[in-house]
Amino acid sequence: MDLTALIGTVAGVAGTAVGFLQWWDSRRSGPRSPAAATGAVPLLTEFTVLAPEARVRGHARPLVDRTAELHALRAGVRGHAPVLVVEGFSGVGKTALVAALCRLHARSHRVRWVFCAEKAQTLNLRSLALALSYDTELAGARELALVVGGSDAGGDRLQDALAAFLAANPVLLVLDDFHTVRDPALVAWARRTAHTEGRSTVVLTSRRHLREIPRTADTPWIELRGLAEQDARQLLVRCGLRLPEATLDAVWRRAGEGNPQALTLFAGQATLTRPEVLAVDLSAQRDDLNAWIGPIYDSLDPAQRTVLKAAAFVYEAAAPELVAELTGDDETPRLLAELEARFLLGRTEAGFELHSSVRDHVDARLTDEDRELFAARLTRWYRSRAREVFLDGLGADEPSYGLVYLESFPDYVAAEDRHIWLVDDLLDRLADTGRPLPAGARILVLGAGHGTHDAGFVKHGLDVTDLDIQPEIAALGERRALRLAGRVRYVVADMTRGLPDEVQEASMDAVFNIGSSFGYEDADDDNATVFRTAAAALKPGAPFVFEYVNGPHWEHRRVQRQIDTTVLPDGAERTEYSITDPTTATSLTAVRLRRPDGSGGWFRHFMHYYRLPQVLAMMERAGLHEEAVFGARGGRVRGPFDEAESEAMVVIATRTEG
C-alpha cells in the first residue's frame with residue numbers, strides 16, 4: 001500500500017484487519033449514500049461469502065515445513081488443475097498451506113477465499129456465483145450476473161454459467177472447510193468442476209475425506225498428516241522443550257500421532273509445569289483441541305486472560321497498542337510477551353494473532369460485558385485512526401464526495417442493469433398492492449445521486465424529479481438525463497432539511513428513497529426528517545417506497561473494521577478505511593482515491609442502521625402509514641421480509657389522508 005508514509009504506518013499498525021461485514025447495498029447506493037463505501041472488496045455478496053484478499057496476506061510463523069506439499073499444489077495451479085483438495089485434521093496446517101499458495105499466485109490469479117464454516121447457514125451456489133459476478137473486469141461477469149438475477153435460474157443453468165466464468169478467467173478460488181457446506185447444488189458443482197477444463201483452480205480444504213469429489217489424474221489430492229515422531233521432537237525443540245524418549249512417545253501418540261498445534265499447546269503448558277507430569281493427563285482427542293487449550297487457559301492469571309480475550313475479540317492480527325487500548329492495562333506489552341512465550345498467540349507481520357482453535361476457545365468465554373467494553377474501546381480506537389489517516393493526512397487532496405465516489409467505484413456506475421431490475425421489482429410491488437404508477441406519473445427520488453435509477457423510471461414513462469445535496473452530482477445527473485431522453489429534472493437540496501421550495505407540497509404521485517440513501521445523521525430526529533420530507537411531497541394517499549439495508553441480517557458480535565486498497569482499471573488506487581459497530585448500529589467510513597498522475601480525492605461519511613420496527617415508527621410519526629413490507633436479496637425484491645435473511649427491507653407506505 002504505497003500511498004503516503006502516514007497511511008503506510010497506520011496500515012502497518014492495523015495490518016490486514018478486515019471485517020467479514022460487507023454490505024451488498026453499499027455498492028449499489030447512489031453517491032449521496034454513506035453505505036456506498038463500506039465494502040472494500042471488489043466482490044460483494046448477500047451472504048458475505050468472499051473474504052477480502054487481505055485475509056491471506058499475513059505471513060504466520062510456520063510450525064511445519066510443508067515445502068513438498070506446496071510444490072505439489074503450485075504444480076497443480078500452473079497445470080490448470082480444475083480442483084485441488086487438501087485434507088487433514090484440525091491443527092495440521094491446511095489453511096496456512098493454502099494461504100501460502102495464494103500468496104505465490106496473487107499476481108497471476110484473482111484470489112478469492114470463502115470461509116465455508118463461518119457461512120454454513122447461508123452459503124450456497126447462488127450466493128457464490130453472485131459474489132464472483134461482481135468482479136466486472138473479468139470476462140463473463142455480466143452474463144453470470146444475468147443468470148444469478150433471473151428468477152428462473154435453475155441449478156444446471158447456474159452451474160453452466162459459473163463453469164463458463166471460471167473457464168474464461170484465472171481465478172484461484174478457495175473453499176475453506178468445504179466439509180461444512182450444506183447446499184447440495186454447491187457440492188454437485190464442485191464434483192462437476194473436477195472434470196472440467198479452464199483457467200481457474202478451485203481449492204477445497206476439509207477436515208474429513210471428501211467422498212463427493214472424484215479422484216482424477218487432474219485433481220491433486222493432498223492429505224496432511226501429523227508429524228513423524230522425530231519431526232515432532234524437532235518441533236518441540238524449536239519451542240524450547242526437550243523431552244525424554246518415553247515422554248515424547250506418550251505426547252506424540254496422544255497428540256493424534258503428531259498434531260502440530262496440539263504439540264505446540266503442550267509446549268506452552270510445559271513452560272510452567274514439568275512435561276513428565278503433564279504427559280500423564282493429556283487428552284487423546286486429536287480433533288478436539290479444546291481439550292489441549294483448556295488447561296493452559298485455566299492456568300492464566302486474570303490479567304493474562306483479559307489480554308488474550310482482547311486479542312480474540314479483535315479477531316484479525318492486532319497491533320500491541322490496539323490490544324492495550326482494549327484492555328486499558330499499561331502492562332499489556334509484557335503480558336503479550338508472556339502469552340507468546342506460551343504459544344497461545346504469535347506475532348506476525350501484521351501483529352499478534354491466535355490460531356483459530358485458540359481464538360474460538362477464548363471467544364466462547366467472552367461475556368456480554370466483555371464484548372460491550374471491547375466494542376466501545378475498539379470503536380474509539382479505529383475512529384481515531386480514521387481521523388488521523390484520512391483527515392489530518394490528506395493534504396491538498398480534493399474533498400469532494402460524489403464525483404470521487406463515482407470515480408472510485410466504476411463497477412457501481414456500470415451496473416445499470418441491476419438498477420433497472422430493482423425499479424422493475426419496486427413498480428411491480430406497487431401494482432401488487434393496488435397502487436400502480438401509470439406513464440406520466442410524477443415521482444420524487446430522494447438522495448438520487450447522479451440518477452442511479454433514472455433509466456428504470458424513464459423506461460416506465462415516469463416524470464422524475466431527482467433531489468441530491470451535491471451540485472456537481474446534480475450537474476452530472478442532468479447531463480445523464482439528457483441521454484435518457486426522458487422527463488428528468490434535478491433539484492439541489494438536503495432531504496434532511498425538509499421539502500425545498502422547488503418541489504410543491506402534495507404534488508407527487510409517489511416518492512422513492514432507495515439504494516439505502518438514509519441514516520446519515522447522528523440524531524434520529526434528523527434522519528426522520530427524510531420521512532417528513534417525503535410525506536410533505538406526496539399527494540394524499542400516494543405511496544412512499546423505501547428500500548434500505550437490513551442491518552440485523554449482517555450483525556456480528558464484534559466490531560467490524562477494515563483497511564483495503566484496490567487498484568482500479570485506470571491505474572488509480574482506492575483505499576478504504578471503515579469501522580462498523582453493531583452495538584451502536586453505526587458505521588464510519590473514509591475513502592481515498594490516488595490517481596496515476598499523483599492527484600487525489602477523498603470523502604468520509606457516517607451512517608446509522610435502523611431495524612424495521614424503528615423505521616416504521618419514524619414513518620408513522622411523519623404521517624406515513626405502512627401498507628406492505630418486502631425483503632430484498634441480490635438487488636431484487638424477493639417475497640416477504642425476513643429479518644434474518646433479507647439483505648434489505650422494502651417498505652411501501654402511504655401518506656395519511658388530509
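The numbering used here puts the first residue of the sequence shown at 1, with every later residue one more than the last.
Just so it is clear, CB atoms sit at the ideal spot from N, CA and C, and this is done for glycine as well.
query                                                                                                                        : result
Residue 471 classed as buried or exposed, judged by whether at least 16 other C-beta atoms fall within 10 angstroms          : exposed
When 73, 197, 80 are compared against residue 94, the one with the closest alpha-carbon                                      : 73
Inter-residue Cα distance where the pair is residue 644 and residue 425                                                      : 21 Å
Nearest neighbour of residue 143, chosen from 446, 489, 162, 156 [CA to CA]                                                  : 162
Complete beta strand (DSSP E) runs within the region 105-167 (minimum length 3 residues, chain order)                        : 110-115
Endpoints, the beta strand (DSSP E) within which residue 513 is located                                                      : 510-513
Three-pair Cβ contact test at 8 Å for the region 478-492 versus the region 460-468                                           : yes
Neighbour-count burial assignment, residue 653, 16 or more Cβ in a 10 Å radius                                               : buried
For residue 505 and residue 536, the rounded distance between their alpha carbons                                            : 5 Å
Local conformation of residue 180 per DSSP, three classes                                                                    : helix
Secondary structure of residue 84, DSSP reduced to three states                                                              : strand
Element boundaries [beta strand (DSSP E), containing residue 654]                                                            : 648-655
C-beta contact flag for residue 109 and residue 170 at 8 Å                                                                   : yes
Close-in-space but distant-in-sequence residues of the same chain around residue 145 (CB under 6 Å, 5 per side omitted)      : 133
Neighbourhood of residue 179 by C-beta distance below 6 Å, restricted to the same chain and skipping five residues each side : 206, 207, 208
Cβ-based burial, residue 599 [other Cβ within 10 Å; buried from 16]                                                          : exposed
Residue 435 (DSSP reduced to helix, strand or coil)                                                                          : coil
Straight-line Cα distance separating residue 223 from residue 177                                                            : 14 Å
DSSP state of residue 64 mapped onto helix, strand, coil                                                                     : coil
7 Å Cβ shell around residue 310 - same chain, five flanking residues per side excluded                                       : 323, 326, 327, 374
Own chain partners of residue 381 with C-beta closer than 7 Å, once the 5 adjacent residues on each side are dropped         : 322, 325
Selection from 257, 646, 650 that minimises the alpha carbon distance to residue 627                                         : 650
Backbone CA spacing between residue 605 and residue 576 [nearest angstrom]                                                   : 12 Å
Whole beta strand (DSSP E) elements within the region 201-236, 3-residue minimum                                             : 201-206, 221-223
Exposure of residue 368, with buried meaning 16 or more beta-carbon neighbours within 10 Å                                   : exposed
Inside the region 451-513 only - beta strand (DSSP E) runs reaching at least 3 residues                                      : 463-468, 488-492, 510-513
Residue environment, residue 237, which counts as buried when at least 16 other CB atoms sit within 10 Å                     : exposed
Integer-rounded CB distance, given that residue 429 should sit under 8 Å from residue 181                                    : Going by Cβ atoms, the distance from residue 181 to residue 429 rounds to 33 Å, so no, they are not a contact pair.
Coil, strand or helix - residue 355 by DSSP                                                                                  : coil
Distance cut-off 7 Å: residue 375 Cβ against heavy atoms of the ligand COA                                                   : For the ligand COA, the structure offers nothing, since it holds no ligand at all.
Range covered by the beta strand (DSSP E) that runs through residue 569                                                      : Per DSSP, residue 569 belongs to no beta strand (DSSP E) and is neither H nor E.
Reference residue 443; option with closest CA among 596, 83, 614, 544                                                        : 544
Range covered by the alpha helix (DSSP H) that runs through residue 246                                                      : 245-254
CB contact flag (residue 357, residue 90, <8 Å)                                                                              : yes
Nearest to residue 305 (by Cα), restricted to the options 289, 291, 329, 317                                                 : 329
Distance between beta carbons of residue 624 and residue 655, contact taken as under 8 Å                                     : 6 Å
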